[in-house]
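Chains as they are written, first to last, in our numbering: chain A, 157 to 298; chain B, 157 to 298; chain C, 157 to 298; chain D, 157 to 298.
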């Protein structure tokens with residue numbers, strides 16, 4: 157949970173949205189609720205850190221219990237604390253939108269999606285499109 | 157290279173072989189020639205280390221320039237050295253069959269596959285089935 | 157790719173430019189497209205971190221798909237995010253000019269050069285001189 | 157110390173010996189007495205871990221004050237201790253011949269050479285040939 161089938165649906169939906177938008181090549185990861193990878197794909201041409209950044213967005217969302225958009229906004233006002241969390245977590249937090257918590261229809265956290273490759277706004281929009289395509293929920297208050 | 161399409165074909169072929177054999181749940185990763193992830197899938201029920209072991213098999217094959225079956229055989233006769241390589245490489249070497257180098261039709265290394273979840277013999281057989289299914293070559297002397 | 161001969165030509169060209177300019181002692185590294193070292197030289201008198209900084213400039217350029225001059229400029233406006241990338245990448249990103257992507261004549265990324273020792277402007281100028289001397293291309297839009 | 161010129165002479169001498177012998181592609185590193193890289197070259201076709209293994213051979217020789225041939229022999233009789241040293245040193249010790257201490261003509265340690273790529277005997281022979289070619293001394297009792 158998410159099942160591999162759900163993770164595949166999330167990635168397929170995210171990449172379909174990316175191609176509709178003409179986004180730069182993306183890396184997309186789906187983690188389970190424990191932060192462990194379920195599925196990952198890197199589009200041809202995406203640069204080498206995209207995997208690590210996507211994973212750190214998804215893991216960071218789970219780690220703080222909040223999408224990385226909100227975490228990044230809080231970090232802008234308190235960078236020293238969030239830098240200390242980045243280091244304390246072993247680099248498992250990327251302070252940029254594009255890490256989105258995945259919830260089941262009852263609202264329980266089942267995992268997270270992380271995307272890196274384009275602007276953080278595009279990354280996040282593709283993550284949300286993927287979660288929608290898989291018939292799951294997203295967001296802190298979904 | 158492998159392209160994402162090739163990596164997907166490798167994973168699909170490996171998991172089809174796993175289901176034909178009734179294998180335990182597997183994790184399958186495809187790395188590019190530099191050791192960076194292109195695609196990954198973990199079947200439902202696979203335990204948490206399967207990702208890390210699969211990655212360390214694939215990376216270790218690239219790192220030593222040999223499938224991990226041959227590396228593991230050499231390690232049995234010289235465990236202290238291979239333990240030191242495991243540490244020197246930052247854990248990027250798993251001493252068990254199931255890490256297989258992927259070559260293009262001209263014999264050039266284009267990446268590696270790593271699989272973990274069942275016995276190392278089954279893991280390796282599924283990796284080779286996946287490479288075959290994608291129309292690529294494997295093995296040091298292919 | 158770059159071949160060892162090309163990497164030697166890049167380093168020789170970079171250090172020749174450094175001596176023409178009377179630069180401080182430099183460390184120069186050439187990485188392949190996967191971020192693995194091909195060749196390295198540290199001039200007498202260069203301090204101990206120069207190797208690590210040069211490598212983190214070159215690796216960071218590959219990791220983000222952009223010369224470190226552009227990355228450093230973006231980091232000035234968003235330091236918390238780029239600090240999180242530094243940690244997520246295991247320290248493989250130095251936020252200063254002097255990491256330059258190397259392309260072949262068709263524009264494909266074949267590796268990167270990283271230089272540390274003088275100001276970042278001088279470091280970068282020597283990196284570009286080295287790439288030019290080797291008959292290769294540089295820059296995101298070359 | 158070794159100077160960059162000396163390090164270049166060591167590498168050139170080592171690779172000349174390797175080509176005379178028809179050795180597999182090698183990675184050769186020269187470290188200063190503090191264990192910091194002075195120069196490195198990886199021949200085309202050498203696999204990805206050769207850098208890390210060569211460095212761990214050279215650093216390990218300095219770390220224990222002995223060529224890695226002798227360290228590996230001691231490790232065979234006491235693997236648990238040497239494995240603990242491998243981990244305690246952060247992976248800076250490879251338990252295989254091919255790490256050779258470099259001494260000046262007065263016998264003082266000035267650095268170390270590490271080579272990886274062929275058998276440990278060939279690696280070590282090339283390291284010694286390189287030190288000889290540079291007009292320096294090697295060995296614990298030189």
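C-beta atoms are modelled at their ideal positions from N, C-alpha and C, and glycine is treated no differently.
Could you give the distance in angstroms between the alpha-carbon of residue 299/C and the alpha-carbon of residue 249/C? Not covered by the structure: residue 299/C. The range shown for chain C is 157 to 298.
First through last residue of the alpha helix (DSSP H) which encompasses residue 205/C: Position 49 of the third chain, counted from the start, is the residue given in the question as residue 205/C. No alpha helix (DSSP H) contains residue 205/C, which DSSP labels as neither H nor E.
Any idea what DSSP makes of residue 181/D, helix, strand or coil? As a working note, residue 181/D is residue 25 in the fourth chain. Residue state, collapsed to three classes: coil.
Take every Cβ of the region 164 to 184 of chain C, pair it with every Cβ of the region 272 to 283 of chain B, and state whether three or more of those distances are shorter than 8 Å. Two segments are said to touch when three or more pairs of C-beta atoms, one from each, lie closer than 8 Å; by this definition the region 164 to 184 of chain C does not touch the region 272 to 283 of chain B.
So residue 275/D contacts chain B; which residues on that side make the cut at Cβ distance below 9 Å? The residue given as residue 275/D occupies position 119 in the fourth chain. None at all; the shortest Cβ gap to chain B is about 11 Å.
Within the 8 Å Cβ cut-off, does residue 236/C reach chain A? Position 80 of the third chain holds residue 236/C. Residue 236/C counts as touching chain A.
If you compare alpha carbons, which of 204/A, 283/A, 238/A, 164/A is closest to residue 246/C? For this step, residue 246/C is matched to residue 90 along the third chain. If we check each option's Cα against that of residue 246/C, 204/A comes out closest.
Under a CB-based cut-off of 8 Å, is residue 315/C close to chain B? Residue 315/C lies beyond the range of chain C shown here (157 to 298); nothing can be said about it.
In chain order, what residues of the same chain have a beta carbon less than 6 Å from the beta carbon of residue 218/C, not counting five sequence neighbours either side? For the purposes of this step, residue 218/C is taken as the residue at position 62 of the third chain. If we look at residue 218/C and ignore the five residues flanking it on each side, its Cβ neighbours are 191, 268.
Taking the alpha-carbon positions, what's the residue 187/A to residue 291/A distance? Taking the first chain and counting its residues from 1, one reaches residue 187/A at position 31. Taking the first chain and counting its residues from 1, one reaches residue 291/A at position 135. Each residue's alpha carbon lies about 17 Å from the other.
Any chain D beta carbon closer than 8 Å to residue 267/B: The residue labelled residue 267/B in the question sits at position 111 within the second chain. No, residue 267/B does not count as interfacial toward chain D.
Ends of the beta strand (DSSP E) at residue 199/B? For the purposes of this step, residue 199/B is identified with residue 43 of the second chain, where counting begins at 1. No beta strand (DSSP E) holds residue 199/B; DSSP gives it neither H nor E.
Please list, in chain order, the chain B residues whose beta carbon lies closer than 9 Å to that of residue 191/C. By 1-based counting over the third chain, the position of residue 191/C is 35. Under the 9 Å cutoff, chain B gives 190, 191, 192.
By Cβ distance below 6 Å, which residues in the same chain neighbour residue 213/A in space, the five residues on each side in sequence not counted? One-based indexing of the first chain puts residue 213/A at position 57. For residue 213/A, where only same-chain residues beyond five positions count, the Cβ hits under 6 Å are 224, 250, 254, 255, 270.
N- and C-terminal bounds of the alpha helix (DSSP H) containing residue 286/D: In the fourth chain, counting from the first residue as 1, residue 286/D sits at position 130. Looking at the DSSP string, the run of the alpha helix (DSSP H) that includes residue 286/D is 276 to 289.
So, is residue 210/C buried or exposed, given that buried needs 16 or more other C-beta atoms within 10 angstroms? Position 54 of the third chain, counting from 1, holds the residue named residue 210/C. Answer is buried; the Cβ neighbour count reaches 16.
According to DSSP, simplified to helix, strand and coil, what is residue 212/B? Residue mapping note: residue 212/B aligns to position 56 of the second chain, counting from 1. Note: residue 212/B maps to helix in three-state DSSP.
Going by beta-carbon coordinates alone, are residue 287/A and residue 166/A separated by less than 8 Å? Here residue 287/A corresponds to residue number 131 of the first chain, with the count starting at 1. Here residue 166/A corresponds to residue number 10 of the first chain, with the count starting at 1. A contact, by the Cβ cut-off of 8 Å.
Determine the chain C residues that contact residue 200/D at a beta-carbon separation under 7 Å, and present them in chain order. As a working note, residue 200/D is residue 44 in the fourth chain. In chain order: 159, 160.
Among 242/D, 240/D, 215/D, whose alpha-carbon lies nearest the alpha-carbon of residue 258/D? In the fourth chain, residue 258/D corresponds to position 102, counting from 1. Residue 215/D holds the alpha-carbon nearest to the alpha-carbon of residue 258/D among 242/D, 240/D, 215/D.
What's the gap between the Cα of residue 289/A and the Cα of residue 252/B? Taking the first chain and counting its residues from 1, the one referred to as residue 289/A is at position 133. Taking the second chain and counting its residues from 1, the one referred to as residue 252/B is at position 96. As the crow flies, the alpha-carbon of residue 289/A is around 38 Å from that of residue 252/B.
Assuming residue 182/A contacts residue 282/A under a Cβ cut-off of 8 Å, what Cβ separation, rounded to an integer in Å, is found between them? Walking along the first chain from the start, residue 182/A turns up at place 26. Walking along the first chain from the start, residue 282/A turns up at place 126. Rounded, the Cβ-Cβ distance is 7 Å, consistent with contact.
One or two residues paired with residue 259/C in a DSSP bridge: Stepping through the third chain from its first residue, residue 259/C is reached at position 103. Partner(s): 265/C, 293/C.
How would you label residue 169/B, buried or exposed, when you count the other beta carbons within 10 angstroms and need 16 or more for buried? Position 13 of the second chain holds residue 169/B. When all chains shown are included, residue 169/B counts as buried.
Could you confirm whether any beta carbon from chain C is found closer than 8 Å to the beta carbon of residue 197/D? Walking along the fourth chain from the start, residue 197/D turns up at place 41. At least one chain C Cβ lies under 8 Å of residue 197/D.
So with CB distances below 8 Å, who are the chain C contacts of residue 207/D? Position 51 of the fourth chain holds residue 207/D. Those within 8 Å of residue 207/D in chain C are 192, 193.
Name the chain B residues whose beta carbon is nearer than 7 Å to that of residue 242/D? Along the fourth chain, read from residue 1 onward, the residue named residue 242/D stands at position 86. In chain order: 239, 240, 243.
Which same chain residues end up closer than 6 Å to residue 189/C when comparing Cβ atoms and leaving out the 5 residues on each side of it in sequence? Against the third chain, residue 189/C aligns to sequence position 33. Result list for residue 189/C: 265, 266, 267, in chain order.
Is there a Cβ of chain C sitting closer than 8 Å to that of residue 182/D, yes or no? What you label residue 182/D is simply residue 26 of the fourth chain in a count that begins at 1. No - not a single Cβ of chain C is within 8 Å of the one on residue 182/D.
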